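Novice:
There are 2 protein chains.
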Amino acid sequence: MTAVRPPTIIDVARRAGVSKSAVSRAFTGGSVSEDTRERVLKAASELRYRPSHSARSLKTNRSRLIGLAVTHLDNQFYPEVIEKFSGRLACDGCRVVLFVTRGEAGLEPMIDELLGFGLDGVILASSSHAAEVAAECTRAAMPVIMFNNVDTSGRLPGVCTDNELGAAIVADHLIGLGHSSIAIIEGVPDSSTSRERVTAFRERMLKAGLPDPVLRSGDYSSQGAAQATRELLMAEAPPTAIFCANDHMALAAIETCHELGKAPGRDVSIAGFDDVGIAAWPSFSLTTYKQPVAAMVDACVEGLFAEIAGERMIGETLRLPGELVVRSSTGKN
Amino acid sequence: MTAVRPPTIIDVARRAGVSKSAVSRAFTGGSVSEDTRERVLKAASELRYRPSHSARSLKTNRSRLIGLAVTHLDNQFYPEVIEKFSGRLACDGCRVVLFVTRGEAGLEPMIDELLGFGLDGVILASSSHAAEVAAECTRAAMPVIMFNNVDTSGRLPGVCTDNELGAAIVADHLIGLGHSSIAIIEGVPDSSTSRERVTAFRERMLKAGLPDPVLRSGDYSSQGAAQATRELLMAEAPPTAIFCANDHMALAAIETCHELGKAPGRDVSIAGFDDVGIAAWPSFSLTTYKQPVAAMVDACVEGLFAEIAGERMIGETLRLPGELVVRSSTGKN
DNA sequence: GGCGAACGTGCAATCGTTCCCAAAATTTGT
DNA sequence: ACAAATTTTGGGAACGATTGCACGTTCGCC
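Line by line, the protein sequences give chains A and B.
Positions in the first sequence are counted from 1; adding 7 to them yields my numbering.
Positions in the second sequence are counted from 1; adding 7 to them yields my numbering.
1. Buried or exposed: where does residue 153 of chain B fall if 16 or more other Cβ atoms within 10 Å of its Cβ makes it buried?
2. Take residue 70 of chain A as the anchor and find which of A:127, A:51, A:82 has the nearest alpha-carbon.
3. Check whether the Cβ of residue 280 of chain B lies closer than 8 Å to any Cβ atom in chain A.
4. Contact defined as beta carbons within less than 8 Å: I believe residue 276 of chain A pairs with residue 184 of chain A. What is the distance between those atoms, to the nearest angstrom?
5. Along the region 31-64 of chain A, where does the CB come closer than 9 Å to a CB of chain B? Name the residues.
6. Alpha carbon to alpha carbon, how far is residue 173 of chain B from residue 296 of chain B?
7. Who are the Cβ neighbours of residue 240 of chain B in its own chain at under 6 Å, not counting the five residues just before and after it?
8. How big is the Cα-Cα spacing for residue 170 of chain A and residue 278 of chain A?
9. Under 8 Å: do the region 95-107 of chain A and the region 74-83 of chain A share three or more Cβ pairs, one atom per stretch?
10. The region 146-176 of chain A: which residues have C-beta closer than 7 Å to a C-beta of chain B, in chain order?
11. When we look at the beta-carbon of residue 230 of chain A and count the other beta-carbons within 10 Å, is it buried (16 or more) or exposed?
12. Taking only beta-carbon positions, decide if residue 330 of chain B is within less than 8 Å of chain A.
13. Could you tell me which residues DSSP puts in a beta bridge with residue 250 of chain B?
14. 8 Å is my cut-off, CB to CB: does residue 81 of chain B come that close to chain A?
15. Return the residues of the region 255-282 of chain A that lie within a Cβ-Cβ distance of less than 7 Å from chain B, sorted by chain order.
16. Compile a chain-ordered list of the residues in the region 227-253 of chain A whose CB is closer than 7 Å to at least one CB of chain B.
17. DSSP three-state label for residue 44 of chain B, please.
18. Would you give the residue range spanned by the alpha helix (DSSP H) that residue 243 of chain B belongs to?
19. Tell me the rounded alpha-carbon separation between residue 218 of chain A and residue 188 of chain A.
20. Just the Cα atoms here: how many angstroms apart are residue 197 of chain A and residue 226 of chain A?
21. Three or more beta-carbon pairs under 8 Å between the region 94-101 of chain B and the region 77-92 of chain A, yes or no?
22. Note down, in chain order, every chain A residue with its Cβ under 8 Å from the Cβ of residue 104 of chain B.
23. Helix, strand or coil for residue 105 of chain B per DSSP?
24. Are the beta-carbon atoms of residue 303 of chain B and residue 166 of chain B separated by less than 8 Å?
25. Identify, in the order they occur along the chain, each residue of the same chain with its Cβ nearer than 7 Å to the Cβ of residue 162 of chain B, setting aside the five sequence neighbours on each side.
26. Drop a sphere of 10 angstroms on the beta-carbon of residue 119 of chain B, count the other beta-carbons inside from all chains shown, and report buried for 16 or more, exposed for fewer.
27. Just the Cα atoms here: how many angstroms apart are residue 51 of chain B and residue 100 of chain A?
28. Between B:36, B:67, B:178, B:102, which has its C-alpha nearest residue 213 of chain B's C-alpha?
29. Please report whether the beta-carbon of residue 16 of chain A lies at a distance below 8 Å from any beta-carbon of chain B.
30. For a cutoff of 8 Å on Cβ pairs, would you count residue 325 of chain B as touching chain A?
31. Chain B beta carbons: is any one of them nearer than 8 Å to that of residue 318 of chain A?
32. Would you say residue 188 of chain A faces chain B, with C-beta separation under 8 Å as the test?
33. Using a Cβ-Cβ cutoff of less than 6 Å, which residues in the same chain neighbour residue 299 of chain B once the five nearest sequence positions on both sides are dropped?
34. Would you check if the distance between the CB atom of residue 232 of chain B and the CB atom of residue 260 of chain B is smaller than 8 Å?
35. Please tell me whether residue 246 of chain A and residue 190 of chain A are closer than 8 Å, where the distance is taken between their beta carbons.
36. Give the DSSP-derived three-state secondary structure of residue 273 of chain A in the structure shown.
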């Protein structure tokens, strides 16, 4: 019993009685007569032939593989994003290669890998070290686009929610409910996303003549947000509302409220940003600003494909509007 | 300005003043003198050379790409699994290519893709259609292993939690708390995982002299589980405890309890299976059987690598013990 | 100092495709 | 029915690496 070598294009050609060019054309949609096409397809299926991916991409310089760099998946938002990307890219025959960035290190150490897997393009949904990555990728002529985060150096194109708009709308919502003492729990400080949300929220408050909100870092983590919430609510004059830079932290904040015996939406209002799946669950019923994930993913893929096709699109960041979703975690003061 | 073609091994060879064989050996760890190695590495880094992935895998028949087929990621368990796999495989220089199976269709329609991307191996963490996939993969000589699910045809190796042990332990726990009227919410019926858990749970109850539990299908979905919970709890003689075939459904069951004004752990006990991250959150505090995900992933990767290395391992399913985690969603009857 | 062993090197074949090119076959027009 | 236009076909050169083989070197050792 010899290990059967998988059939090659030549085996198919022989069996179909044509040249390998014909077989190639039959598979890639080149011009072939109906007759040969049939014969080729028949021979191929009899032999269980499948074109070799590596040979093909060696010749064409296309792998139909797209890298997706994301941070720790315990933030519910990312699984949703991954699923959407996977589905969207599948429509164009592409697949997602995952790069989960180790929390602290960011994705800098995996740049080499990112560039070494023959990907057609890369989507950076990870927050940190965008600048270095940007530089390295453009040097390697690798198409890149950012998702839910902008490259502050302005060299990479990207797609994100209009964070400033969203944060302003959340601010208006809380202010409209009569809150004036509002705290903010931000994410990691060097993330553009967090910064934009925080800044816009603050500005809106100041513009409404309210005091500058207390700012705490939640580091985009549950523990961080829980700790921040604890500190805020146990202070002498606790805020009546807290705006968290994302749902992941807002949910932790709600948990912490319960722990402290405060009812979210009554004793203290909590608002988030993202609208992850479980935000809608009755236990949380989180008021939040919904990111238009589907539209963002579509735009992102489109942009990346344009880059891959050779269209230069430098530094343009597309900002899509989301939608305020009011639930019961916020209420009148 | 001409589009600069990425440097090839030949460019490096020329610049370093050696043959391409030497360059290749310097990169793949072949035998080269210290002197040449240095010259090659220097030339390579000056040119920003990276070996072409496709050329390399064409020659070596190895892509260092592993396919991972999973179902909808809204079940919290899978993101955790994905992250673990990604991390574990990265240790061996491999990357995960994602195949998210569209709910209804299962992964049957994507078999061709699964086999067409030049993967070194495939991990099936998706529940359905294992048999067809198994057949097709072995025919294509593609190493495959199942995760958290067993191939009933017994042809594919796999790794999963000892579901029967786990379910029995959960049953004992509930019985020990004095429950005798216990209902079960199962997943999709043709999933081995659900079947094993349900069967073992039932057996344990019968063995304890308790009545055969009511069985409802939750279809592994939130909505399904919520509906089932509603029906169970609004019945004439509602059960005092509910065992859900996974946490995803158990969490939905808890939500539904709140909706119906019943306190989990007091009015009705809820137990799950998996121990996903949020099960530990105070809002849920779900009693559950923890799957040893890290160990499972390790074993799974090891098994797959063995297959890739050519060691035949047919149909062996490894079942690892987990651990009961008691929280407050279950209580005395 | 001479003789193997050990090591480092380059040549050339090879992996399985795609695609250009010229030739052959077919269709079309008159 | 013949020439021109069109379509289909096969040969063969890439694509960018790895690797078996044979040939020099270098070195150690008696």
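A virtual CB, placed ideally from N, CA and C, is assigned to each residue, including glycine.
Because the structure is a prediction, the values reported are computed rather than measured.
Specialist: With the given structure in hand:
1. buried
2. A:127
3. no
4. 7 Å
5. 55, 57, 58, 59, 60, 61, 62, 63, 64
6. 6 Å
7. 267
8. 14 Å
9. yes
10. Of all residues in the region 146-176 of chain A, 146, 147, 148 have a Cβ within less than 7 Å of some Cβ in chain B.
11. exposed
12. no
13. Beta-bridge pairing links residue 250 of chain B to B:191, B:278.
14. Yes, because at least one Cβ of chain A sits closer than 8 Å to the Cβ of residue 81 of chain B.
15. 262, 265, 266
16. Per Cβ criterion, the list is empty.
17. helix
18. For residue 243 of chain B, there is no enclosing alpha helix (DSSP H), since its DSSP letter is neither H nor E.
19. Residue 218 of chain A and residue 188 of chain A have their C-alpha atoms spaced approximately 7 Å apart.
20. Per the coordinates, the alpha-carbon of residue 197 of chain A lies some 10 Å from the alpha-carbon of residue 226 of chain A.
21. no
22. For a Cβ distance threshold of 8 Å, residue set 72, 102, 103, 104, 105 of chain A lies close to residue 104 of chain B, ordered along the chain.
23. strand
24. For the pair residue 303 of chain B and residue 166 of chain B, the CB atoms are nearer than the 8 Å cut-off.
25. For residue 162 of chain B, where only same-chain residues beyond five positions count, the Cβ hits under 7 Å are 141, 145, 321, 322.
26. By the 16-neighbour rule on beta-carbons within 10 angstroms, residue 119 of chain B is exposed.
27. 33 Å
28. B:178
29. no
30. no
31. By this cut-off, residue 318 of chain A is not an interface position.
32. no
33. 327, 329
34. yes
35. yes
36. coil
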